[in-house]
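**Q**
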Amino acid sequence: YWLGRVWGLSRLAAYLAAFLFTYGAFVFATSRFLNYADIYFALPAGIAAIELVTRGHKRYLALLGLCAAVMGLAGHPQIALLFGFTWMIFVSYRLLCAWRDGTFSAAVASILWITVAVGAGLLVSAVRLVPTVSTTALSVRASGLDFEIAAQGSIPPWSLILGYLFPSFEIPKVLGDRLNAEELLYLGFATPALALLALCSRNRHRLVWFLTGLVVLSWIFAMGSFSLGFPLLHKLPLFGFFRQPARFGIVASFGLAYLAAIGIDQIRLVDLRGSVPAKWVTKIWLWAAGLVGAGTVIATIVLSGLAFVIVPYGYDYIDRAIVGSEGRFLSAERYYRTFDQLYERMANAFSLEFWTPRWTLFAALLTAAVLWGFMRRHIQAQRAQMMLVGILVIDVLVAPGHMIPATDTDWYSRDPRAAAVIPGQSTDQWRVFSYRGLAQKFELSTAAGTDIGRSQRDLLEYVFLNETLTPNLPLTRAWASIDGYENLMSRPVADYLAYVGSERTTVNGFAVDPEINGDERANIFGHRLAALAVGNVRYVLSGVKLEHPQLVERQSGLIDLPNWSPVKQSLYVYELRDWFPRVWLARVWKTIDVAAAPLDILDAIARSPTVAMVDRDPGVQGGASEADLLEYQISRSQQDLKLRVVTDGSGLLVVNEAMYPGWEATIDGQPVEMVTVNTMMRGVPINNSGVHTIVMSYMPPGFPQAIVLSMFGVGVLLVLFVVGWRVDRT
1 YWLGRVWGLS RLAAYLAAFL FTYGAFVFAT SRFLNYADIY FALPAGIAAI ELVTRGHKRY
61 LALLGLCAAV MGLAGHPQIA LLFGFTWMIF VSYRLLCAWR DGTFSAAVAS ILWITVAVGA
121 GLLVSAVRLV PTVSTTALSV RASGLDFEIA AQGSIPPWSL ILGYLFPSFE IPKVLGDRLN
181 AEELLYLGFA TPALALLALC SRNRHRLVWF LTGLVVLSWI FAMGSFSLGF PLLHKLPLFG
241 FFRQPARFGI VASFGLAYLA AIGIDQIRLV DLRGSVPAKW VTKIWLWAAG LVGAGTVIAT
301 IVLSGLAFVI VPYGYDYIDR AIVGSEGRFL SAERYYRTFD QLYERMANAF SLEFWTPRWT
361 LFAALLTAAV LWGFMRRHIQ AQRAQMMLVG ILVIDVLVAP GHMIPATDTD WYSRDPRAAA
421 VIPGQSTDQW RVFSYRGLAQ KFELSTAAGT DIGRSQRDLL EYVFLNETLT PNLPLTRAWA
481 SIDGYENLMS RPVADYLAYV GSERTTVNGF AVDPEINGDE RANIFGHRLA ALAVGNVRYV
541 LSGVKLEHPQ LVERQSGLID LPNWSPVKQS LYVYELRDWF PRVWLARVWK TIDVAAAPLD
601 ILDAIARSPT VAMVDRDPGV QGGASEADLL EYQISRSQQD LKLRVVTDGS GLLVVNEAMY
661 PGWEATIDGQ PVEMVTVNTM MRGVPINNSG VHTIVMSYMP PGFPQAIVLS MFGVGVLLVL
721 FVVGWRVDRT
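Mapping of the sequence shown onto the numbering used here: position 590 corresponds to residue 590, and the numbering continues sequentially without gaps.
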């Protein structure tokens with residue numbers, strides 16, 4: 001709203017711009033992610049600060065620096081990069097305006113001040129940025145993302161058109177895929193028309209051209225692999241780490257929101273009734289409303305009236321074209337249920353049996369009627385403004401994407417069935433592992449077909465994930481999982497998780513390979529159980545039965561699903577026979593070539609789990625036995641891990657937690673060099689028997705220097721604040 005007022009919009013127009021940007025589904029639906037929500041303010045606030053600084057109001061430099069600091073400290077890195085890129089485009093626009101106005105030298109001076117402010121903000125965020133750079137260097141993203149991965153989430157050109165005109169929700173494209181960007185782009189049926197009206201004024205303001213260029217550029221980048229823009233952008237520094245081009249839709253929504261606001265003001269301030277382009281916009285929107293009406297009627301007849309013909313033919317096509325060979329991902333029955341769900345989504349999106357197309361048709365007709373009435377002088381300009389804003393507010397709020405699902409309290413607080421056989425907490429003792437929980441969740445949901453609605457299907461999936469302890473959710477019990485996704489997990493951790501069957505890793509493994517059938521996958525999993533046991537996994541949970549000598553079945557039976565569930569689901573809880581504790585003493589070890597193929601090293605671990613694979617000689621004498629259990633106690637603080645162990649001889653103490661640069665250790669107060677064990681665990685050499693106190697401390701690489709930089713950045717921001725106020729006062 002403030003930015004709208006800075007740009008000279010009326011109160012109503014500024015409110016409309018603020019509302020459309022905030023409640024547009026792209027921003028609203030992604031606000032459930034904290035690192036998105038906490039920096040959304042920075043895009044308009046930063047642009048407003050840049051605008052005012054270039055006008056000579058230097059006191060806003062500190063605000064700009066603060067926005068940059070918040071983005072660096074607390075924001076999603078890619079969203080922060082996206083907003084910073086938009087700031088750069090706006091700065092370029094202001095320079096161009098200054099050059100044309102003959103005030104280029106003053107503008108350059110302002111840009112230098114802006115650069116200092118943004119630089120100070122980045123210095124403040126050094127405590128996050130510096131360690132992140134070092135962590136990134138250890139991950140699979142060290143050299144950026146492959147273009148094929150980065151371009152995932154590209155929006156096809158036809159989806160852009162559909163997305164702004166019709167609030168479809170998950171319109172299916174093919175099995176296992178969907179056009180999932182439309183519901184995020186929709187800003188109300190009237191918004192594109194108002195944006196076009198902003199372009200119809202005879203005295204178009206430069207700001208209109210900037211916003212138009214910003215929207216078009218954002219669309220080009222959002223199309224990803226469907227355009228030449230994103231491949232070129234991907235080659236620029238930092239943008240090599242950027243993925244999901246559809247995120248440029250956030251900036252497009254920003255630009256369209258302000259164009260629509262300018263269009264609202266133009267209705268009252270400019271004689272649009274005499275503008276030929278404005279008349280064409282009105283005609284186009286009348287035709288668009290008619291197209292929505294005709295399309296929804298036809299879709300209702302086809303999808304609802306002819307379902308008895310289409311569905312059997314769909315089943316027949318599945319039989320002929322998809323099912324018929326061994327090893328398919330789904331059975332024939334599951335394919336049928338998947339087809340039923342896709343068909344239901346199509347009907348929800350287009351058939352007048354459902355609310356979304358009903359309201360869309362109503363909003364389209366209302367918008368067209370108001371525009372037609374205004375152009376024909378049947379509706380006064382001020383009344384047309386209020387009517388269009390009112391239609392837009394309701395249209396946007398009732399469109400899909402504005403309901404954040406919640407879990408019923410009774411189901412959320414319910415203990416999993418596994419609690420009957422798994423001890424109450426696993427603190428520093430052992431871990432759990434969910435075998436293909438995500439895939440089995442999909443199969444369970446698919447089996448339900450169209451007998452239940454979307455919210456019920458979501459609850460069904462939640463219950464299953466919670467029962468199988470799949471770390472796609474925050475676990476509600478004090479059970480540690482070895483699994484869990486992190487974009488910047490180190491390459492050794494990612495390789496290990498993929499090897500043992502994780503679905504939540506940055507490296508694809510056998511668990512997510514669609515070419516492997518269920519029996520082959522279970523066989524691979526059985527051969528690698530020893531490597532899983534080395535990772536301190538004691539319990540394995542699965543929705544399918546697993547048979548292996550290493551697995552002892554502790555529980556089996558049906559999960560308690562809601563009464564309305566049309567399907568049943570089993571749960572199996574297994575205990576690994578020879579699981580390794582969180583801390584153990586290796587007597588035999590083998591030095592490996594860290595540059596060797598990860599699969600070869602992990603295979604060696606699975607073959608000989610009691611032989612520790614180390615990156616260098618630990619420098620102590622080994623023993624006859626391969627591994628010994630020992631007494632230990634663990635206590636933790638924010639950056640330290642303190643161990644009290646009792647050993648009966650020398651060996652290599654293995655702590656079954658991830659090794660990263662920045663870990664240091666002492667034994668009985670004396671510094672000791674740590675060893676990397678089994679590609680990713682921590683190890684320290686023990687020279688003699690007895691009671692020992694080991695303290696492992698973690699300091700992110702470069703963190704002390706980053707603190708100095710951040711404090712310096714805070715000082716620069718304070719100086720900018722004081723100097724800016726004094727310059728403005730004088």
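Virtual Cβ for every residue (Gly too), placed ideally from N, Cα, C.
Buried or exposed for residue 94, please, with buried defined as at least 16 other CB atoms from any protein chain shown within 10 angstroms of its CB.
**A** When all chains shown are included, residue 94 counts as buried.
**Q** Buried or exposed for residue 385, please, with buried defined as at least 16 other CB atoms from any protein chain shown within 10 angstroms of its CB.
**A** buried
**Q** Give the list of continuous alpha helix (DSSP H) stretches no shorter than 4 residues that lie fully inside the stretch 91-121.
**A** none
**Q** What residues in its chain sit with their C-beta under 8 Å from that of residue 253, if we drop five residues either side in the sequence?
**A** Non-local C-beta neighbours of residue 253 in its own chain, meaning closer than 8 Å and more than five positions away in sequence, comprise 20, 21, 24, 26, 27, 185 and 187, ordered along the chain.
**Q** Look at residue 282 and residue 372 and say whether their C-beta atoms are less than 8 Å apart.
**A** Their beta carbons are under 8 Å apart, which means residue 282 touches residue 372 by this criterion.
**Q** Among residues of its own chain, excluding the 5 on either side of residue 663, which ones have a beta-carbon nearer than 8 Å to its beta-carbon?
**A** Hits under 8 Å: 674, 682, 696, 697 and 698.
**Q** Excluding the five sequence neighbours on either side, which residues of its own chain have a C-beta within less than 6 Å of the C-beta of residue 14, listed in chain order?
**A** 1, 4 and 5
**Q** Express the C-alpha separation of residue 455 and residue 658 in angstroms, rounding to a whole number.
**A** 38 Å
**Q** Please state whether DSSP places residue 173 in a helix, a strand or coil.
**A** At residue 173 the pLDDT is 43, less than 50, meaning the model places this residue with poor confidence; the figure from the coordinates comes in the next sentence. Residue state, collapsed to three classes: coil.
**Q** Would a C-beta distance cut-off of 8 Å place residue 684 and residue 650 closer than the cut-off?
**A** Going by C-beta atoms, residue 684 is not nearer than 8 Å to residue 650.
**Q** Using the Cα positions of residue 533 and residue 586, report the straight-line distance between them to the nearest angstrom.
**A** Taking the straight line joining both Cα atoms gives about 15 Å.
**Q** May I have the straight-line CA-CA distance separating residue 58 from residue 356, to the nearest angstrom?
**A** The straight-line gap from Cα to Cα measures roughly 48 Å.
**Q** Roughly how far, in whole angstroms, is the beta-carbon of residue 111 from the beta-carbon of residue 64, given that I think they are within contact range, below 8 Å?
**A** With 8 Å as the limit, residue 111 and residue 64 do not qualify as a contact, their Cβ atoms being about 12 Å apart.
**Q** Are the stretch 537-546 and the stretch 561-575 in contact at 8 Å, needing three or more beta carbon pairs?
**A** yes
**Q** Taking buried to mean at least 16 other C-beta atoms within 10 Å of its own C-beta, is residue 423 buried or exposed?
**A** Here residue 423 is exposed, its C-beta having fewer than 16 other C-beta atoms within 10 Å.
**Q** Which value, in whole angstroms, describes the spacing of the CA atoms of residue 484 and residue 498?
**A** Near 11 Å, if we compare the C-alpha coordinates of residue 498 and residue 484.
**Q** Which residue comes first and which comes last in the alpha helix (DSSP H) that contains residue 280?
**A** 276-299
**Q** In angstroms, rounded to a whole number, what distance separates the CA positions of residue 150 and residue 280?
**A** The straight-line gap from Cα to Cα measures roughly 39 Å.
**Q** Which one of 687, 303 and 679 has the shortest CA to CA distance from residue 648?
**A** 687
**Q** Does the stretch 25-44 come into contact with the stretch 68-88, if we say contact requires no fewer than three beta-carbon pairs (one atom in each stretch) closer than 8 Å?
**A** yes
**Q** Quick check on this structure: which residue in 599, 610, 637 and 593 has the alpha carbon closest to the alpha carbon of residue 581?
**A** Of 599, 610, 637 and 593, the residue nearest in Cα terms is 610.
**Q** Starting from residue 681, follow the beta strand (DSSP E) in both directions and report where the run begins and ends.
**A** 681-686
**Q** My parser needs the alpha helix (DSSP H) runs of 4 or more residues fully inside the stretch 559-635; what are they?
**A** 598-607
**Q** Which class does residue 156 belong to by DSSP, given the choice of helix, strand or coil?
**A** coil
**Q** If residue 117 sits next to residue 61, beta carbons under 8 Å apart, how far is it from one beta carbon to the other, in whole angstroms?
**A** 4 Å
**Q** Is the beta carbon of residue 482 less than 8 Å from the beta carbon of residue 536?
**A** yes
**Q** Based on the DSSP output, what are the partners of residue 431 in its beta bridges?
**A** 537
**Q** Assuming residue 154 contacts residue 245 under a Cβ cut-off of 8 Å, what Cβ separation, rounded to an integer in Å, is found between them?
**A** 5 Å
**Q** For residue 652, count neighbouring C-beta atoms within 10 Å of its own C-beta (all shown protein chains included) and say buried if the count is 16 or more, exposed if not.
**A** buried
**Q** Rounding to the nearest angstrom, what Cα-Cα distance links residue 496 and residue 466 in this structure?
**A** For the pair residue 496 and residue 466, the Cα-to-Cα distance works out to about 24 Å.
**Q** How far does the alpha helix (DSSP H) with residue 735 in it extend, from its first residue to its last?
**A** Examination of residue 735 is not possible in this model, given that the chain is present from 1 through 730 alone.
**Q** Quick one: grab the DSSP three-state call for residue 27.
**A** The three-state secondary structure of residue 27, taken from DSSP, is helix.
**Q** Looking at C-alpha atoms only, which residue of 460, 302 and 278 is the closest neighbour of residue 375?
**A** Of the residues 460, 302 and 278, the one whose Cα lies closest to the Cα of residue 375 is 278.
**Q** For residue 43 versus residue 85, is the C-beta distance shorter than 8 Å?
**A** no
**Q** Bridge partners of residue 219, per DSSP?
**A** According to DSSP, residue 219 bridges with nothing at all.
**Q** For residue 145 and residue 241, I'd like the C-alpha separation in whole angstroms.
**A** 5 Å
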